[in-house]
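For the sequence shown, position 206 matches number 252 in the working numbering, and the numbering has no gaps at all.
A virtual CB, placed ideally from N, CA and C, is assigned to each residue, including glycine.
One structure is given here, and the rest of the page talks about it.
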Amino acid sequence: MHQGEYDEGGHTLIRKISLISLTLALGNVVAAQEYQIPKTEWGVPDFQGVWKHATVMPLERPIELGEKRAYTEEEAIALESVVQQKFEDNNEPLEPNRPPPVVAASLPPIGNYDLFWRDDAKFIPTIDGEFRTSAIIDPANGRMPERTAQFDARMTQFRGGRPGRTSDGPEGRGLGERCLVGFGNSAGPVMSPVIYNSHLQFTQSPGYVTITAEMVHDTRIVKITDERSAAAETHRKWMGDAIGHWEGDTLVVQTKYFNNWHTLRGMPVNNMTVTETFRRESGNKLIYGFTVDDPTLFTSTFSGEYPLSRINEPIYEYACHEGNYGMIGILAGARKLEELERED
Numbered sequence: 047m048h049q050g051e052y053d054e055g056g057h058t059l060i061r062k063i064s065l066i067s068l069t070l071a072l073g074n075v076v077a078a079q080e081y082q083i084p085k086t087e088w089g090v091p092d093f094q095g096v097w098k099h100a101t102v103m104p105l106e107r108p109i110e111l112g113e114k115r116a117y118t119e120e121e122a123i124a125l126e127s128v129v130q131q132k133f134e135d136n137n138e139p140l141e142p143n144r145p146p147p148v149v150a151a152s153l154p155p156i157g158n159y160d161l162f163w164r165d166d167a168k169f170i171p172t173i174d175g176e177f178r179t180s181a182i183i184d185p186a187n188g189r190m191p192e193r194t195a196q197f198d199a200r201m202t203q204f205r206g207g208r209p210g211r212t213s214d215g216p217e218g219r220g221l222g223e224r225c226l227v228g229f230g231n232s233a234g235p236v237m238s239p240v241i242y243n244s245h246l247q248f249t250q251s252p253g254y255v256t257i258t259a260e261m262v263h264d265t266r267i268v269k270i271t272d273e274r275s276a277a278a279e280t281h282r283k284w285m286g287d288a289i290g291h292w293e294g295d296t297l298v299v300q301t302k303y304f305n306n307w308h309t310l311r312g313m314p315v316n317n318m319t320v321t322e323t324f325r326r327e328s329g330n331k332l333i334y335g336f337t338v339d340d341p342t343l344f345t346s347t348f349s350g351e352y353p354l355s356r357i358n359e360p361i362y363e364y365a366c367h368e369g370n371y372g373m374i375g376i377l378a379g380a381r382k383l384e385e386l387e388r389e390d
């Protein structure tokens, strides 16, 4: 229970524990009970708009937390303060007379993007009033399940069917580098927040829901139906084949038949089924749930939830191919090295 100023996603900007906060919290409970989910003209919950997918909460729970599902408010405030201080420290101007960087040294703490480009989360939005320690809540330890006995063989087979990471041509680079899909699974499987452009635009029409990720403008088209196309397994899409149905005010989506080149944290997804749920908790919060099932990789399924925050801003054209000077530089650099080797 906390008092404070809130942005549109319900993130706490200033929190103080007090009698006033108790009063406000009780008022929020009443408001939540009275919340009426907006409906479309055809009578289903209205998710349309842009939602920010960002949180300090990791996908997997830190091992040392065991089965601790949620932080106390004091613990959440302390964790957020550490994250915010890190960004304050990294935002300090550099010493102009510093020595040149050491060759092959590790990247600075902020990584290879400066703060102008990054849009990392600095807060932990609540889900059903809980400051979750991880997105995964099942298994109880908040981590992906044990791998199957055939996992290593499956990974060897998967890696053997694709070229190693090379700069011989664009095909040797990662899918994100090639602007084929957004990096970090921003559009799935298991839509996850990344360091910037973590925005999702929902558009609805009778019979369809589309979800467009700002990163590389990946778009998922969810058909509201009980029947999957017979061609779905043969004509595999990058974001998989998604069909959905309504269970009360919750949209349930089953997605499978992902493109054979796509991955989830480096693991193949061509045998994976992801069941997702979408439900509005309030006017400014949409809860995204997921369950991952792949008996060729995991000994059991795993499930979790992420909070999405409503923002009154548009998403922008990512124009990845048009601005992909990094790929040009990588390949040009590789050709130059080859030239130098020939001269030697």
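Sort out for me which residues DSSP pairs residue 107 with in a bridge. DSSP lists no partner for residue 107.
CA-CA distance, residue 332 and residue 252? 20 Å
Beta-carbon proximity list for residue 205, same chain, < 8 Å, skipping 5 on both sides: none
Please report how far the alpha carbon of residue 392 lies from the alpha carbon of residue 337, in whole angstroms. No statement about residue 392 is possible, as the shown extent of the chain runs from 47 to 390 and does not include it.
Would you grab the beta carbon distance between residue 170 and residue 126 for me? Rounded to a whole angstrom, and I think it's under 8 Å. Indeed, because the Cβ distance is near 6 Å, the residues count as touching under 8 Å.
Proximity winner among 389, 341, 162, relative to residue 133 (alpha-carbon distances): 162
Does the structure place the segment 362-375 close enough to the segment 105-119 that three or more beta carbon pairs sit under 8 Å? No, they do not touch.
Supposed close pair residue 122, residue 352 - CB separation, criterion 8 Å: Wrong, their Cβ atoms sit about 16 Å apart, outside the cutoff.
Would you call the CB atoms of residue 315 and residue 216 closer than 7 Å? no
Is it buried or exposed for residue 73, if we count other Cβ within 10 angstroms and need 16 for buried? In this predicted model, residue 73 has a pLDDT of only 46, less than 50, meaning its place in the structure is not dependable enough to derive any value.
Inter-residue Cα distance where the pair is residue 237 and residue 339: 15 Å
Evaluate the contact criterion for the segment 278-285 versus the segment 301-313: three or more CB pairs, one atom per stretch, below 8 Å. yes
Considering only the alpha carbon of each residue, which of 120, 342, 201, 232 lies closest to residue 177? Here the closest residue by C-alpha is 120.
Three-state secondary structure (DSSP) of residue 371: helix
So, residue 88 versus residue 354, is the Cβ gap smaller than 7 Å? Judged by beta-carbon spacing, residue 354 lies beyond the 7 Å limit of residue 88, meaning their Cβ atoms are not closer than that value.
Judging by CA-CA distance, which residue of 99, 299, 308, 240 is the nearest neighbour of residue 224? The option with the nearest alpha carbon to residue 224 is 308.
Validate contact between the segment 381-390 and the segment 240-249 using beta carbons, cut 8 Å, 3 pairs: With a cut-off of 8 Å, the segment 240-249 and the segment 381-390 do not count as touching, because too few Cβ pairs lie within range.
Here's the rule: buried if 16 or more other CB atoms are within 10 angstroms of the residue's CB, otherwise exposed. What is residue 266? buried
Report the residue ranges of all beta strand (DSSP E) runs contained in full by the segment 218-253; include only those spanning at least 3 residues, in chain order. 245-251
Going by other Cβ atoms of all chains shown within 10 Å of its Cβ, with 16 needed for buried, is residue 250 buried or exposed? buried
On the CB-based measure, 16 or more other CB atoms within 10 Å of its CB, does residue 76 come out buried or exposed? Bear in mind that a pLDDT of 48 at residue 76, under 50, signals an unreliable position, so the model cannot answer this.
Name the DSSP bridge partner or partners of residue 291? 298
For residue 346, which three-state DSSP category applies? coil
Mind reading off the beta-carbon distance from residue 46 to residue 194? Whole number of angstroms is fine, and I expect it under 8 Å. Any answer about residue 46 is impossible in this case: the structure gives the chain only from 47 up to 390.
Taking 7 Å as the cut-off, decide whether the C-beta atoms of residue 268 and residue 290 are in contact. yes
Give the straight-line distance between the Cα atoms of residue 198 and residue 115, rounded to the nearest whole angstrom. Cα to Cα, residue 198 sits roughly 30 Å from residue 115.
CA-CA distance, residue 261 and residue 345? 32 Å
Alpha-carbon spacing of residue 273 relative to residue 299, whole angstroms: Each residue's CA atom was taken as its position, placing residue 273 and residue 299 some 12 Å apart.
I need the boundaries of the alpha helix (DSSP H) containing residue 127, first residue and last residue. For residue 127, the enclosing alpha helix (DSSP H) begins and ends at 119-136.
Where does residue 380 sit, in a helix, a strand or coil, going by DSSP? Note: residue 380 maps to helix in three-state DSSP.
Exposure of residue 219, with buried meaning 16 or more beta-carbon neighbours within 10 Å: buried
Residues near residue 335 in its chain [Cβ-Cβ closer than 6 Å; skip 5 each side]: Once the five neighbours on either side are set aside, the close Cβ partners of residue 335 are 323, 351.
Residue 264 beta carbon less than 7 Å from that of residue 294: Not closer than 7 Å, so no.
Since residue 168 contacts residue 90 with CB under 8 Å, what's their CB separation in whole angstroms? Under the criterion of beta carbons closer than 8 Å, residue 168 and residue 90 do not qualify as touching, at roughly 34 Å.
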